[in-house]
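Chemist:
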Amino acid sequence: MKHLIVVAHPVEDSFTMALTRAYADELVRLGHEQKTYDLYRTGFDPVLTRDELLPDGAAHAPADICHAQDDIRAAEVLTVIYPLWWMSMPAILKGYIDRVFARGFAYDSQDGVVHGLLSGKQSVMITISGAPLPLLVKSGKWDAVEVLQDTHIFRSSGFDLIEHLHFDEVAPGLAKTVGEQHMARVRACVRAHFLPATRNCA
Ligand SMILES: Cc1cc2nc3c(=O)[nH]c(=O)nc-3n(C[C@H](O)[C@H](O)[C@H](O)COP(=O)(O)O)c2cc1C
Numbered sequence: 004m005k006h007l008i009v010v011a012h013p014v015e016d017s018f019t020m021a022l023t024r025a026y027a028d029e030l031v032r033l034g035h036e037q038k039t040y041d042l043y044r045t046g047f048d049p050v051l052t053r054d055e056l057l058p059d060g061a062a063h064a065p066a067d068i069c070h071a072q073d074d075i076r077a078a079e080v081l082t083v084i085y086p087l088w089w090m091s092m093p094a095i096l097k098g099y100i101d102r103v104f105a106r107g108f109a110y111d112s113q114d115g116v117v118h119g120l121l122s123g124k125q126s127v128m129i130t131i132s133g134a135p136l137p138l139l140v141k142s143g144k145w146d147a148v149e150v151l152q153d154t155h156i157f158r159s160s161g162f163d164l165i166e167h168l169h170f171d172e173v174a175p176g177l178a179k180t181v182g183e184q185h186m187a188r189v190r191a192c193v194r195a196h197f198l199p200a201t202r203n204c205a
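My numbering numbers the first residue of the sequence shown as 4 and each following residue consecutively.
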């Protein structure tokens, strides 16, 4: 299968980036094609411009946005990996959603009813928090994440969200053994959803 991984973390040796490399590596090990779009290292510009909102803006989308949309078109699975910052996505990823998930590409609306245009594709969300998940659930914050991120963004755009994998209590000084368990968990997630790709014999 063809996979696109979009990741948002400024620090290359962060837990988030290590998790991303383990996920991508497991896909490749199983014979899948993957492309990782590293928003920070690519220098993605997250600011939606006035021109992009003009009535014919979609037809004149800047080259970086056209390429990003082509990558999504080509992918069968989109995996988005990010730390929860203020229970939301880092601004650079929010800007990616604002600009790449544009009207006419990710969704359309008629009479106020929105319908997604990316159906037929799967998605996986992988998030990381400092707080323990039970605390987030108890306070209602996890519900907010599921409603506003899982459903309002990804499901509403038509994706079949096959898993939202969350890693909680990730903070500086994370024990090496715990980190290794998390890497094993993200690899297991890949194996649980994606079979080894069959290779054509010459
Ligand atoms: C700006 C900022 C905001 C954060 N907001 C939250 C938050 O709302 N809830 C939470 O549980 N953790 C929050 N955290 C903690 C991060 O989610 C956590 O430390 C991080 O994901 C660990 O992964 P990393 O080592 O790859 O950065 C925040 C961290 C930063 C830098």
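Even glycine gets a Cβ: it sits at the ideal position worked out from N, Cα and C.
How would you label A191, buried or exposed, when you count the other beta carbons within 10 angstroms and need 16 or more for buried?
Modeler: Result: exposed.
Chemist: Measure the Cβ-Cβ separation of A78 and K5 and say whether it is below 8 Å.
Modeler: Against a cut-off of 8 Å, the Cβ pair of K5 and A78 comes out as a contact.
Chemist: Check this for me: beta carbons of I131 and T82, under 8 Å apart or not?
Modeler: No. Outside cutoff.
Chemist: Roughly how many angstroms separate the alpha carbons of H118 and L164, rounded to a whole number?
Modeler: Cα to Cα, the separation comes out at about 16 Å.
Chemist: Give a yes or no on whether the C-beta atoms belonging to L136 and H185 are separated by under 8 Å.
Modeler: Contact: no.
Chemist: Please go through the region 126–167 and give each complete alpha helix (DSSP H) segment of 4 or more residues, from N-terminal end onward.
Modeler: Those alpha helix (DSSP H) runs which fall completely within the region 126–167 and span 4+ residues are 136–141 and 144–148.
Chemist: Would A174 pass as an interface residue toward chain B - the criterion being a Cβ-Cβ separation below 8 Å?
Modeler: The chain labelled as chain B is not found in the depicted structure, where only one protein chain is given.
Chemist: Could you tell me the boundaries of the alpha helix (DSSP H) in which T23 lies?
Modeler: F18 to R32 is the span of the alpha helix (DSSP H), which, as asked, contains T23.
Chemist: Would you tell me roughly how many angstroms separate the C-alpha atoms of A62 and V181, rounded to the nearest one?
Modeler: Looking at the two C-alpha atoms, the distance is approximately 48 Å.
Chemist: Report yes if the C-beta of V173 is less than 7 Å from at least one heavy atom of ligand 1; otherwise report no.
Modeler: Yes, the Cβ of V173 comes within 7 Å of a heavy atom of ligand 1.
Chemist: Beta-carbon distances below 5 Å to any heavy atom of ligand 1 define the shell here; list its residues in chain order, please.
Modeler: Every residue passing the under-5 Å Cβ criterion appears here: S17, F18, T19, P86, L87, W88, W89, M90, I131, S132, G133, A134 and V173.
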